[in-house]
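The structure appears right after this line, and notes come after that.
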Amino acid sequence: MPTLTTRIKEYRQRAGIKQEELGEMVGVRRETIFRLEKGLYNPSLKLAMDLAKVFETTVEELFFFEDEEK
Amino acid sequence: MLKKASYKQLILLQFLSGIVLICAKLLDYIVPYISGSPTYWAVNIFMFVAFFFYIFATTLFIVNVRSATKVLRDELTTENEAKAVEFTFLVIMLVAVVGMGYTMFSNIDLSLNNDLLFCIFIGICTLKNGAYLVYDRNGGSHADFDDED
Chain A
304 MPTLTTRIKE YRQRAGIKQE ELGEMVGVRR ETIFRLEKGL YNPSLKLAMD
354 LAKVFETTVE ELFFFEDEEK
Chain B
241 MLKKASYKQL ILLQFLSGIV LICAKLLDYI VPYISGSPTY WAVNIFMFVA
291 FFFYIFATTL FIVNVRSATK VLRDELTTEN EAKAVEFTFL VIMLVAVVGM
341 GYTMFSNIDL SLNNDLLFCI FIGICTLKNG AYLVYDRNGG SHADFDDED
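If you're matching them up, the sequences are chains A and B in order.
When the first sequence is numbered by my numbering, its final residue is 373 and no position is left out of the sequence of numbers.
When the second sequence is numbered by my numbering, its final residue is 389 and no position is left out of the sequence of numbers.
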């Protein structure tokens with residue numbers, strides 16, 4: 304079964320934002336951002352869209368299935 | 241302290257205070273049967289300290305949740321709290337069913353005195369807090385420090 308993967312860390316580091324700052328921007332705890340980046344948690348649609356909005360990209364660009372990446 | 245404490249730390253404080261209070265209550269119940277009155281004053285003091293520690297932890301939790309300036313609770317908190325409550329409910333149901341089954345098939349009349357009831361109520365809250373800490377553990381100590389990279 305394909306695994307949902309994320310590029311949040313890549314985008315965040317490119318933007319020079321810390322995990323806590325990103326958490327504040329989208330209304331979640333720092334621990335949640337940490338887990339998202341590690342792939343330990345699947346976000347709600349709203350959170351995914353809020354994250355995409357912060358990085359000025361699409362949800363599909365931020366989250367993808369590993370098989371699709373290959 | 242109010243700005244720095246995380247939700248997990250508040251739950252941990254409540255969990256520990258619950259454990260201390262249950263231990264104090266059990267000691268309060270057992271000590272008269274195993275020793276004389278000289279040690280009883282120490283148990284009384286321990287009981288008061290544990291009680292006020294529990295009230296302090298609960299009050300701190302309520303105040304912090306209501307007046308936090310940073311994000312304290314989010315969708316992941318809600319999810320983990322729901323899982324913790326579900327687990328606690330299952331444990332309570334299991335204990336209740338086993339207890340009822342035991343009284344049904346034996347001649348023993350299971351009656352709960354005030355001390356035991358007190359321990360059970362505090363125990364349920366403490367179990368829920370403990371379950372939450374387990375479910376939230378993958379946030380881990382790494383998440384207490386910003387950007388390990």
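Note that beta-carbon positions come from the ideal geometry of N, C-alpha and C, so glycine has one too.
Nothing here was measured: the structure is a model prediction, and the numbers come from that model.
Does A/Tyr-314 have its Cβ less than 8 Å from a Cβ in chain B?
no
Taking the DSSP output, what are the residues bridged to A/Thr-360?
Beta-bridge pairing links A/Thr-360 to no other residue.
Report all residues from its chain with a CB closer than 8 Å to the CB of B/Asp-389; omit the five preceding and five following residues, and keep chain order.
In this predicted model, B/Asp-389 has a pLDDT of only 43, less than 50, meaning its place in the structure is not dependable enough to derive any value.
Straight-line CA distance for B/Ile-362 to A/Glu-327?
34 Å
Specify, as a first and last residue, the run of the alpha helix (DSSP H) that B/Thr-298 falls within.
Start and end: 280-307.
Run down chain B in chain order and give the residues with a C-beta less than 8 Å from the C-beta of A/Gly-330.
Val-311 and Asp-314
Using a beta-carbon distance below 8 Å, is A/Leu-325 in contact with chain B?
no
Using a beta-carbon distance below 8 Å, is A/Leu-350 in contact with chain B?
yes
Could you please give the first and the last residue of the uninterrupted beta strand (DSSP E) stretch that includes A/Leu-307?
307-309
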